[in-house]
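Below is one structure, written out as structure tokens; the observations come after it.
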Amino acid sequence: MSSANDLSYVHPSPTSPWGTYLSQVDRVRPYLGKLDRWVETLKRPKRALIVDVPIELDDGSIAHFEGYRVQHNLSRGPGKGGVRFHPDVTLEEVMALSAWMTVKCAAVNLPYGGAKGGIRVDPKKLSITELEKVTRRYTSEIGLIIGPHADIPAPDVNTNGQIMAWMMDTYSMNTGATATGVVTGKPIHLGGSLGRVKATGRGVFVTGQEAARRIGLKLEGARVAVQGFGNVGSVAAELFAKAGAKVVAVQDHTGTLVNDRGFDVAQLSEFSRTNGGIAGFKEGAMVSDDAFWDVPCDVLVPAALEGQLTAERARRVTARLVLEGANGPTVPEADDILAERGVLVVPDVICNAGGVTVSYFEWVQDFSSFFWTEDEINQRLDRIMVGAFENIWEKSARHAISLRTATFAVACERILIAREERGLYP
Ligand code: GLU
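Mapping to my numbering: the sequence shown position 70 is 93, numbers consecutive.
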């Protein structure tokens with residue numbers, strides 16, 4: 024079955040995000056049984072909104088940005104998924120990210136569908152006032168389809184608690200009542216949840232620990248390489264270091280650093296926060312970005328953007344274990360190469376599901392106006408991640424399929440059963 028799709032509004036390639044997603048769906052089809060009848064549901068978003076976001080810049084000129092909110096699937100509940108601000112955002116990318124949210128939420132059994140949003144903008148070039156205007160205008164525009172019971176945005180690349188606070192405020196001003204449950208990843212005193220900021224990185228670590236144990240890889244002394252040192256990569260790195268592993272290579276948008284003895288991750292995080300990146304950190308050597316892929320390591324954590332693990336790079340990976348902190352970092356051909364080379368890949372749709380899991384906790388806490396302790400949150404998060412991983416590991420072993428296809432099998436079955444039980448309307 025080819026991964027072609029007859030949607031007129033996108034033109035995916037085999038390595039583009041939507042093309043990658045479509046081929047992942049094709050790979051799960053043999054395991055769907057009678058539910059395969061509904062597979063086309065997964066291959067097209069339910070709804071995609073493109074909005075114009077005009078703002079007045081500080082110099083008095085008017086700028087227009089393109090924004091999107093895509094609801095890929097709402098069969099199991101309201102849409103859920105982050106909003107990304109990045110100059111390379113496209114409709115196709117947001118579609119793929121929304122589809123991965125559908126699969127991710129179902130994989131950890133959250134009562135959500137999948138959605139995603141984005142604005143094609145470089146937020147680093149905006150002043151704080153301009154950033155707030157972009158956020159508020161975008162929120163107003165997508166206000167047509169978001170809502171606490173309809174579709175709940177959250178942080179993603181280059182968005183954070185402050186941006187969620189502006190989104191919550193804008194939505195609430197427009198609807199006339201404070202609706203904390205309309206977004207997650209909010210600041211703590213605005214209905215945010217303890218543990219949310221670190222949740223994605225924590226989930227990467229927890230699934231990594233589960234996978235490492237099963238392949239006999241000891242984390243104590245293991246060499247870890249991390250691509251992307253934002254909210255996901257830095258927290259995962261910190262937890263691996265705490266478990267006795269050595270973080271020997273780190274890459275972000277400012278450069279690549281290596282340190283054979285292992286970084287002091289807390290210090291590097293602090294440096295990166297104050298300096299806007301890792302470049303210039305003294306306790307390591309700067310190498311070319313391409314050299315990152317050759318650093319000898321046991322665990323590789325791609326936690327930056329999609330499409331980073333190309334076929335060429337997959338041939339150079341030295342790790343035994345790849346933990347996908349980012350969404351869609353591995354193209355399908357690279358997946359095959361890694362499998363042939365005996366490298367275990369814990370796919371994004373389970374590996375980085377910790378973030379949306381604690382988003383779910385946040386949303387539940389907002390509705391009940393009763394807030395949990397950080398320990399309660401971390402315990403529940405760990406329980407969900409470990410349980411979901413076990414289930415997927417077992418599916419993968421039973422059918423001799425990759426963890427990615429196994430995760431898609433578990434998730435797509437849940438999604439398509441809901442689809443079938445609801446029935447077609449009219
Ligand atoms: N942006 C995160 C992700 O890709 C979290 C989404 C959410 O919390 O809704 O999973």
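Cβ coordinates follow ideal geometry from the N, Cα and C atoms, glycine included.
Check residue i in the structure and name its three-state DSSP category.
{"i": "Q331", "result": "coil"}
{"i": "I78", "result": "strand"}
{"i": "S31", "result": "coil"}
{"i": "G90", "result": "strand"}
{"i": "N414", "result": "helix"}
{"i": "G105", "result": "strand"}
{"i": "L367", "result": "strand"}
{"i": "P178", "result": "strand"}
{"i": "D59", "result": "helix"}
{"i": "A138", "result": "strand"}
{"i": "R70", "result": "strand"}
{"i": "N197", "result": "helix"}
{"i": "T38", "result": "coil"}
{"i": "T207", "result": "coil"}
{"i": "V322", "result": "strand"}
{"i": "K127", "result": "helix"}
{"i": "G377", "result": "helix"}
{"i": "H276", "result": "coil"}
{"i": "A248", "result": "strand"}
{"i": "T353", "result": "strand"}
{"i": "K269", "result": "strand"}
{"i": "A342", "result": "coil"}
{"i": "H212", "result": "helix"}
{"i": "G422", "result": "In the sequence on display, residue 422 carries His and not Gly. Residue state, collapsed to three classes: helix."}
{"i": "A202", "result": "coil"}
{"i": "A308", "result": "strand"}
{"i": "S26", "result": "Here S26 scores only 48 on pLDDT, less than 50, and its place in the model should not be relied on; the value that follows carries that caveat. Correct three-state label for S26: coil."}
{"i": "I85", "result": "strand"}
{"i": "N96", "result": "strand"}
{"i": "G170", "result": "strand"}
{"i": "R143", "result": "strand"}
{"i": "V157", "result": "helix"}
{"i": "S281", "result": "Reading off the sequence, residue 281 comes out as Val, not Ser. V281 falls in the strand class under three-state DSSP."}
{"i": "E243", "result": "coil"}
{"i": "A429", "result": "helix"}
{"i": "A259", "result": "helix"}
Between which residues of its own chain and residue i is the CB-CB distance below 7 Å, once the five residues before and five after are set aside?
{"i": "M18", "result": "Since the first residue shown for the chain is 24 and the last is 449, residue 18 is missing from the structure and cannot be characterised."}
{"i": "E233", "result": "V409, F412"}
{"i": "V433", "result": "A130, N414, I415, K418"}
{"i": "V281", "result": "V271, A272, G307, A308, V310, V318"}
{"i": "P171", "result": "A202, G204, V205"}
{"i": "D145", "result": "P110"}
{"i": "I78", "result": "A86, E153, K156, V157, R160"}
{"i": "W61", "result": "L439, R442, E443"}
Could you tell me the alpha carbon to alpha carbon distance between residue i and residue j, rounded to whole angstroms?
{"i": "T38", "j": "G251", "result": "20 Å"}
{"i": "T113", "j": "K139", "result": "12 Å"}
{"i": "F390", "j": "G208", "result": "15 Å"}
{"i": "T353", "j": "G330", "result": "6 Å"}
{"i": "S26", "j": "H87", "result": "Only weak support exists for where S26 lies, its pLDDT of 48 falling under 50; the value from the coordinates is given anyway. Taking the straight line joining both Cα atoms gives about 34 Å."}
{"i": "L242", "j": "C320", "result": "12 Å"}
{"i": "N197", "j": "I168", "result": "13 Å"}
{"i": "T341", "j": "P53", "result": "31 Å"}
{"i": "G285", "j": "A334", "result": "28 Å"}
{"i": "A245", "j": "L262", "result": "13 Å"}
{"i": "I400", "j": "G218", "result": "7 Å"}
{"i": "H422", "j": "A362", "result": "15 Å"}
{"i": "V322", "j": "A248", "result": "6 Å"}
{"i": "W41", "j": "G102", "result": "18 Å"}
{"i": "A357", "j": "T193", "result": "42 Å"}
{"i": "Y135", "j": "A173", "result": "10 Å"}
{"i": "I407", "j": "L367", "result": "21 Å"}
{"i": "G378", "j": "G224", "result": "8 Å"}
Round the Cβ separation of residue i and residue j to the nearest angstrom and send it over; I've been treating them as touching at under 8 Å.
{"i": "T279", "j": "D312", "result": "5 Å"}
{"i": "L346", "j": "G231", "result": "5 Å"}
{"i": "V255", "j": "G348", "result": "4 Å"}
{"i": "T125", "j": "G351", "result": "That belief does not hold up - the Cβ atoms of T125 and G351 are roughly 13 Å apart, past 8 Å."}
{"i": "S121", "j": "V381", "result": "With a Cβ gap of about 20 Å, S121 and V381 do not count as contacting."}
{"i": "T428", "j": "I373", "result": "Not confirmed; about 12 Å, so no contact."}
So, at 6 Å on beta carbons, what are the nonlocal neighbours of residue i in its own chain, with the 5 sequence-adjacent residues on each side left out?
{"i": "M24", "result": "Since pLDDT at M24 reaches only 42, below the 50 mark, its modelled position is unreliable, and no value is offered."}
{"i": "G90", "result": "V74, V76, I142, Y161"}
{"i": "R437", "result": "A129"}
{"i": "A327", "result": "Q250, G251, A349"}
{"i": "S257", "result": "S292"}
Among residues of its own chain, excluding the 5 on either side of residue i, which ones have a beta-carbon nearer than 8 Å to its beta-carbon?
{"i": "E155", "result": "W189"}
{"i": "A441", "result": "S98, R99"}
{"i": "E444", "result": "none"}
{"i": "G239", "result": "none"}
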